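Numbering (the numbering used here), first residue to last: -17 to 406. The block underneath contains the structure these notes are about, expressed in structure tokens.
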């Protein structure tokens, strides 16, 4: 059985906690896309962790964690995370990395920084993790698979050709220092040695697991609205954030994905630039930000304050449908307990008409939110473990959202920990 966990919105929906919970019952957890540009925050018996490269199954003793070929793999950040979790008492995780995965090169991070610098006020709000340059090179066929690191002669020849192009760009477009081939080559040789115990044919492992009827969990990064084909392009990420891409990025036949769990938050938040119709500002946003999450709504990767907004039924329904969700999870319900009234965006106003279909980006920029207001519960609901024990106002809020997004909300997260998840 293959289950995918993905985001219904802009990312930051609380997927890490859900993945951590479901990983306990999974034989294999696979990261299938994205890189170190977004993190999954997990709180468990070992402490609080922000994972960027490690699959969220690393805390489960009996779970094999795989990094699939669709990932933008940052070697240095992988080992930093690995060493960090082990130093904090987590048993050495069973992690394997696809020999086909491509690595984030040192110059990818530099090019990401230089391009944002060049764009100035028009920049994309990148995390400067090298993601866009990485995927650009991947599809231009000048990226480096891990397997290539073990053929030293071919590696140096290819690296020489790639750096010839990169140095011309650095000199003539960015006016920056050029790259030294020997320095980068030696770093790649070092990577090869360090990665040896982890690298394998993950496709073979997955095919055997499917034959044996094992439970496999696909872990997505960011959310549907950050997908480069179906999201708020161009203010998106550079890899597909959809469950459908899980088949490609992990190496699984598409018909094997039986369950798709889309995670959404009881309000909206986003890191980075892009259209955000239900966004709020000023003191109203600051209050929501400080009440949100475990210690406020700040990016797990950058630490930047997240942009805040009311729950958006239009965007979320679109995200649910685009992901092909079979069920939804609603997180951070407890974070709204301070409010007298809670707004929900139920439609957009576009050119004087109300619309409920999520439009393309240039039209989205002209949309205004249409709100429905709910009475707040003004009561601390921390510790509630049974759905029927919620105040009536909480249940009405959840059930309204469920009807609007057209997908059953089977789990409700009522706090930062794994045990705070209520199954309906």
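Virtual Cβ for every residue (Gly too), placed ideally from N, Cα, C. This one's a predicted model, so the numbers in the text were calculated from it and none came from an experiment.
- Membership of residue 353 in the beta strand (DSSP E) is indicated by the continuous run 350 to 357.
- By the Cβ-count criterion, residue 342 is exposed, with fewer than 16 other Cβ atoms from all chains shown falling within 10 Å of its own Cβ.
- Among the bridge pairs identified by DSSP, residue 299 is matched with none.
- Straight across, the Cα-Cα distance linking residue 291 with residue 315 is about 14 Å.
- For residue 358 and residue 318, the gap between their C-alpha atoms comes out near 8 Å.
- Collapsing the DSSP output to three states places residue 228 in a helix.
- Look at the segment 2 to 90 and you find these whole runs of alpha helix (DSSP H), each 4 residues long or longer: 57 to 69.
- Judged by their CB atoms, residue 98 and residue 181 are not nearer to each other than the 7 Å cut-off.
- Taking 7 Å as the cut-off, the beta carbon of residue 5 is found closer than this to the beta carbon of residue 39.
- Note on residue 250: 16 or more other CB atoms within 10 angstroms of its CB, so buried under the neighbour-count rule.
- Here the alpha carbons of residue 201 and residue 301 stand approximately 16 Å from one another.
- As the crow flies, the alpha-carbon of residue 60 is around 19 Å from that of residue 115.
- When the five nearest sequence neighbours on each side are left out, the beta carbons in the same chain lying within less than 7 Å of the beta carbon of residue 400 are those of -1, 2, 3, 26, in order along the chain.
- In the DSSP secondary-structure assignment, residue 334 is not bridged to any residue.
- Counting every other CB atom within 10 Å of its CB across the protein chains shown gives residue 147 a total below 16, marking it as exposed.
- Taking every protein chain shown into account, the CB of residue 390 has fewer than 16 other CB atoms within 10 angstroms, so this residue is exposed.
- Going by DSSP, residue 130 is part of no beta strand (DSSP E) at all; its letter is neither H nor E.
- Judged by beta-carbon spacing, residue 304 lies within the 7 Å limit of residue 212, meaning their Cβ atoms are closer than that value.
- When the alpha-carbon of residue 144 is set against those of 89, 369, 7, 360, the nearest one is in 89.
- Under the rule that a run must span 3 or more residues, the beta strand (DSSP E) segments found entirely inside the segment 218 to 277 read 239 to 247, 250 to 252.
- Across the set 205, 209, 102, the C-alpha of 205 shows the shortest separation from the C-alpha of residue -13.
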